[in-house]
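J.: Questions regarding the structure given below will be posed in turn.
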Amino acid sequence: MSNYNFSKVTPAIDQLAEKCVSCHNIDPELYVKYDVKRGLRDLNGKGVLAGLTDISEVCSSTIVNGESVPCDGKLYYRGIDVEDIVEGFISENRFGFEETTYLLLFGKLPSENELKDFSGLIGSFRKLPTTFVRDIIMKSPGNDMMNILARSVLTLYAYDDAPDDTSIPNVLRQCLELIALLPVMAVYAYHSYNYYKKGGSLIIHRPRPDLSTAENILYTLRSDSKYTELEAKILDLALVLHAEHGGGNNSTFTTHVVSSSGTDTYSSTAASLASLKGPKHGGANIKVVRMFDDLMEKVKDWTDEEEIKEYLVALLEKRGFDNSGLIYGMGHAVYSISDPRARVLKKFVKDLSVEKGMEKEYELYTLVERLAPVVIGEKRKIYKGVSANIDFYSGLIYRMLGLPAELYTPIFAVARISGWSAHRIEELIGAGKIIRPAYRPVADHIEYTKMSDR
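Have a look at this one:
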């Protein structure tokens, strides 16, 4: 690409882009006329049924007297309330991500010995192939860790003796290796970026097989490898809550779509990573943090409700922050009254804010959480309630932990690959047909024109 003269190419591309836009612009009214569910959601925001799963359930309403009534959101992993799962491993003072991954993959909670063996297996898989870090990650640093992750995952295909074998034992082996290696590759990709692109120090710590996923992230990321128990436990909690969220979220649906074609595990995972990278999906927590940076700079008194309301109104009226008209971290495609994941995270954020001396920031977040739904209700016509979603507090947690913003979405991927793996196996076992929805053509039929007559 460096050989191109962009001063000559750009005007030509601009002209072609204008032609491209003019022929791809479908009248929005046609979607109403033909009852097309844009985004595979109906006018009430309910998802179009596209498949069945027993991996997880996202619940935002209940039936009362034959009618659907909004309720506090619930999330179930293999039929178990995620809040009970969290309460279980926290009350017994252990890490939960490996236990949750086992549950998602094998359909039941592990016994003590099963969990020990499974965690040991994951730990044994944390070794990248010889020279992989040097040749794949260090020699080609990039500005976006998600792209580096996708590239690294696709490159692992070449190191696999049976990359295209889609038998369940082989796919399970590949999935477990990717679950183990994704956090390592994410952290190493950041260190490479920090050294080559930002002029920082180059730090490469080998992961420890005896540590949990959350501990290894902090251990390999920090120069001194030190972390507190509270830091590791809260990061572990965030991983558990991000691990799975039904088959219909964009990246998991991507897993089903791509897996249904019969492709390999590495291609399926790379496709899901590409989906998660989008700011409308996994990149949302970065937007929340940057929005709060802007708020903290422009609002003089963080306790002044009227001043904060004015800021929020400006956001909705596209006069503030990125002029998108959005209050990031508020609202969800499914949940209305509350997001259970945000509800759980909030309980632990306060303790971390005290440890980090960031109580004022925490209080500001809780104030915005209370005021934003009021402002949105006054300014927008909405079909359901609005509440804080998981991105609202996860970004604050990552900031308190001192994690670089470049790793926010990759850490989401480190968690969600457990869900992707379960859904890939579910698709391979139970589907059989390639996923191929219909698109209605709306272009008029016209005659071919000879070159001399154009």
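In the numbering used here, the protein residues as written are 212 to 665.
By construction, the Cβ of each residue, glycine as well, lies at the ideal position given by its N, Cα and C atoms.
Can S403 and M349 be called in contact, C-beta distance under 8 Å?
T.: Yes, the pair counts as a contact, with Cβ atoms nearer than the cut-off.
J.: Given this structure, state the Cα-to-Cα distance separating C270 from I291, to the nearest angstrom.
T.: Cα to Cα, C270 sits roughly 12 Å from I291.
J.: Check whether the region 613-632 touches the region 396-410, taking contact to mean three or more Cβ pairs, one atom from each stretch, closer than 8 Å.
T.: These segments touch.
J.: Quick check: the Cα distance between L446 and A228, rounded to an integer number of angstroms?
T.: L446 and A228: Cα-Cα distance of roughly 44 Å.
J.: Measure from the alpha carbon of D246 to the alpha carbon of each residue in P281, S462, Y650 and S598, then state which is nearest.
T.: Cα-wise, what sits closest to D246 is Y650.
J.: Specify the secondary structure class of L754 as computed by DSSP and reduced to three states.
T.: Outside the modelled stretch of the chain, which goes from 212 to 665, sits residue 754, for which no answer is possible.
J.: Between the alpha carbons of V586 and K509, how many angstroms are there, rounded?
T.: Distance between the alpha carbons of V586 and K509: 18 Å.
J.: What separation, rounded to the nearest whole angstrom, lies between the Cα atoms of G299 and K444?
T.: If I take the Cα positions, the gap works out to 13 Å.
J.: Using 10 angstroms around the beta-carbon of M541, count the other beta-carbons present and answer buried if the total reaches 16, otherwise exposed.
T.: That one is buried.
J.: Could you check the C-alpha separation between R665 and A391 for me, to the nearest Å?
T.: Their backbone Cα atoms lie some 58 Å apart in a straight line.
J.: How about L523 and L618: do their beta carbons lie closer than 8 Å?
T.: In this structure, L618 does not lie closer than 8 Å to L523 by Cβ.
J.: Compute the Euclidean distance between the alpha carbons of R409 and D533, then round it to the nearest angstrom.
T.: Correcting the residue identity first, residue 409 is Lys in this sequence and not Arg. Between K409 and D533, the C-alpha separation is close to 25 Å.
J.: Just checking my contact of I628 with T480 at CB under 8 Å: how many whole Å lie between their CB atoms?
T.: Their Cβ separation, rounded to whole angstroms, is 7 Å, which keeps I628 and T480 in contact under 8 Å.
J.: Output needed for L413: all residues of its chain with C-beta closer than 7 Å, excluding positions within five of it in sequence on either side, in chain order.
T.: If we look at L413 and ignore the five residues flanking it on each side, its Cβ neighbours are H402 and Y406.
J.: Using DSSP with H/G/I as helix, E/B as strand and the rest coil, what is V269?
T.: Residue state, collapsed to three classes: strand.
J.: Where does G334 land, buried or exposed, given buried means 16+ other C-beta within 10 angstroms?
T.: The residue in question, G334, is buried, as its Cβ has 16 or more Cβ neighbours within 10 Å.
J.: Could you tell me which residues DSSP pairs with P278 in its beta bridges?
T.: First, the residue type needs correcting, since residue 278 is Glu and not Pro in the sequence shown. Note: E278 sits in a beta bridge opposite V275.
J.: Quick one: residues in its chain with C-beta nearer than 7 Å to the C-beta of A553, no 5 flanking neighbours on either side, listed in chain order?
T.: A599, N600, I601, F603 and Y604, listed in sequence order.
J.: Would you tell me roughly how many angstroms separate the C-alpha atoms of T463 and T660, rounded to the nearest one?
T.: Cα to Cα, T463 sits roughly 44 Å from T660.
J.: Indicate whether the contact test is met: 3 or more Cβ pairs, each with one atom in the region 604-616 and one in the region 558-574, closer than 8 Å.
T.: Yes: at least three Cβ pairs fall under 8 Å.
J.: Within the same chain, show all residues whose beta-carbon is closer than 6 Å to that of F217, passing over the 5 residues directly before and after it, in chain order.
T.: Here F217 scores only 45 on pLDDT, less than 50, and its place in the model should not be relied on; the value that follows carries that caveat. Excluding sequence neighbours, F217 sits near nothing in its chain.
J.: Leaving out the 5 sequence neighbours to the left and right, which residues in its chain are closer than 8 Å to P652 when beta-carbon positions are compared?
T.: Nothing meets the Cβ criterion.
J.: If I measure Cβ to Cβ from I497 and keep anything under 6 Å in the same chain, skipping five residues before and after, which residues do I get?
T.: Hits under 6 Å: A616 and Y619.
J.: Is the Cβ-Cβ distance between S632 and L316 less than 8 Å?
T.: Yes, the pair counts as a contact, with Cβ atoms nearer than the cut-off.
J.: According to DSSP, is R252 part of a helix, a strand, or is it coil?
T.: In the structure shown, R252 sits in a strand (DSSP, three-state: E or B).
J.: What number of angstroms, rounded off, separates the C-alpha of K437 from the C-alpha of K491?
T.: Rounded to the nearest angstrom, the two C-alpha atoms are 33 Å apart.
J.: Within 10 Å of its beta-carbon, does L263 have 16 or more other beta-carbons around it, so buried, or fewer, so exposed?
T.: Classification of L263: exposed, given that the 10 Å Cβ count is below 16.
J.: Which of helix, strand or coil does DSSP assign to I224?
T.: DSSP places I224 in helix when its eight states are reduced to three.
J.: Counting only the same chain and skipping the five closest in sequence on each side, list residues whose C-beta sits under 7 Å from that of T273.
T.: If we look at T273 and ignore the five residues flanking it on each side, its Cβ neighbours are V280 and C282.
J.: Contact defined as beta carbons within less than 8 Å: I believe R635 pairs with C386. What is the distance between those atoms, to the nearest angstrom?
T.: Contact holds; Cβ gap of about 7 Å.
J.: Evaluate V184 with the Cβ neighbour count: other Cβ atoms within 10 Å of its Cβ, from every protein chain shown; 16 or more gives buried, anything less gives exposed.
T.: Given a span of 212 to 665 for the chain in the structure shown, any question on residue 184 remains unanswerable.
J.: Among residues of its own chain, excluding the 5 on either side of K520, which ones have a beta-carbon nearer than 7 Å to its beta-carbon?
T.: The answer, listed in chain order, is L582 and V586.
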